[in-house]
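Please read the structure below before turning to the comments.
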Amino acid sequence: MLRAAGVGAGDAVVVPAFGNVEVAEAVTLAGALPVFADIDPVTYCLDPDAVEAAVTSRAAAVVAVHRFGRRADIGRLHALGQRHGLLVLEQGEAEAPDDETAQRRQRAAYLDAKLKGVRTPDGGSGHTYQQYVVRVPGNGRPDRDAFARALRARGVECRVPVKTPVHRLPEFRRYVSLPETEAAADETLALPVDAALTKREMHRVVSACNALGGLLQPAF
């Protein structure tokens, strides 16, 4: 898509650092330079204000990535693109069947109501919960990682959705200020909300999280 639009050598493309490296790799393969902008801490998608701050005279495009079942603010990004003459591309997630999405939302609502000691996601408009991502606040030690290990020891499958932001990887290392990206990479944890989960399994998730939550509170 970038090549078809004429994006190439000498151009810059604004992309998120929170997420998959493939987006930055695609920009590089087109001959352009990936420029990283920060994310919105609620949606985990590109923050339009951060994108605007990252736009330079070389900027030719923006790639917005929809994340975890939340959509980027495409309306604001398109308006920004019109102001600056930028192509705005989207990378979406695979759409789940309606019945599966409904079941994920039911399980997410259950977790929203029951979980303690972690910060639950802001459902927002149209959240499909491709992943149910909580925040485990740190207090100077890797609480999220310790929390994840303890959950797995209690039989709860969980995973760190983004282990290393792209701007920290050796091939794309940039010395840029991306505080929301850094915080999300350090604190986020995806809990299971698959449609196949039973009530007993969902109860196990809640019990395990709540047993640990009080032990891993942020320092004040």
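In our numbering, the protein residues as written are 108 to 327. Glycine included, every Cβ here is placed at the ideal spot set by N, Cα and C. As the structure is a computational prediction, the values presented were derived from the model and not from experiment.
Query raised in the report: Sorted by chain position, which residues of the same chain lie with C-beta nearer than 7 angstroms to residue 239's C-beta, five sequence neighbours on each side aside?
Result: 215, 218, 228, 297, 298, 300
Query raised in the report: For residue 121, which residues does DSSP report across the bridge?
Result: 142, 169
Query raised in the report: Taking the DSSP output, what are the residues bridged to residue 313?
Result: In the DSSP output, where bridge partners are listed per residue, residue 313 has none listed.
Query raised in the report: Taking the runs of the alpha helix (DSSP H) that are 4 residues or longer, which of them lie wholly in the region 179–219?
Result: 181–191
**Report entry** 4 or more residues per run - each alpha helix (DSSP H) lying fully within the region 228–255
**Finding:** none
Query raised in the report: Would you call the region 178–198 and the region 250–265 in contact, with 3 or more CB pairs under 8 angstroms?
Result: no
Query - Supposed contact pair residue 195 and residue 169 - C-beta distance, whole angstroms, cut 8 angstroms - result: 5 angstroms
Query - Inter-residue spacing [alpha-carbon to alpha-carbon] between residue 312 and residue 197 - result: 33 angstroms
Query raised in the report: For residue 161, does the three-state DSSP call read helix, strand or coil?
Result: helix
Query raised in the report: Do you know whose CA, among 232, 308, 278, lies nearest residue 179's CA?
Result: 232
Report task. Excluding the 5 residues preceding and the 5 following residue 210 in the sequence, name in chain order all residues of the same chain whose CB lies nearer than 6 angstroms to its CB. Result -> 302
**Report entry** Span separating the alpha-carbon of residue 294 from that of residue 207
**Finding:** 27 angstroms
Requested in this report: With residue 298 as the anchor, note down where its beta strand (DSSP E) starts and where it stops.
Outcome: 295–298
**Report entry** Limits of the unbroken alpha helix (DSSP H) element including residue 225
**Finding:** No alpha helix (DSSP H) contains residue 225, which DSSP labels as neither H nor E.
Query raised in the report: Does DSSP classify residue 287 as helix, strand or coil?
Result: helix
Query - Coil, strand or helix - residue 259 by DSSP - result: helix
Query raised in the report: Three-state secondary structure (DSSP) at residue 275?
Result: helix
Report task. Express the C-alpha separation of residue 306 and residue 326 in angstroms, rounding to a whole number. Result -> Unreliable positioning characterises residue 326 in this predicted model, as indicated by a pLDDT of 41, which lies under 50. The coordinate reading is nonetheless provided below. Distance between the alpha carbons of residue 326 and residue 306 is about 34 angstroms.
Report task. Go ahead and label residue 151 buried or exposed: buried means 16 or more other beta carbons lie within 10 angstroms of its beta carbon, across all protein chains shown. Result -> buried
Query - Buried/exposed call for residue 272, threshold 16 Cβ in 10 Å - result: buried
Requested in this report: State the Cα-Cα distance for the pair residue 236 and residue 201, rounded to the nearest angstrom.
Outcome: 12 angstroms
Requested in this report: Could you pull the start and end residues of the alpha helix (DSSP H) that residue 302 belongs to?
Outcome: Taken as a continuous stretch (DSSP letters only), residue 302 belongs to no alpha helix (DSSP H), as it is neither H nor E.
Query raised in the report: What does DSSP give as the partner residues of residue 153 in its beta bridges?
Result: 146
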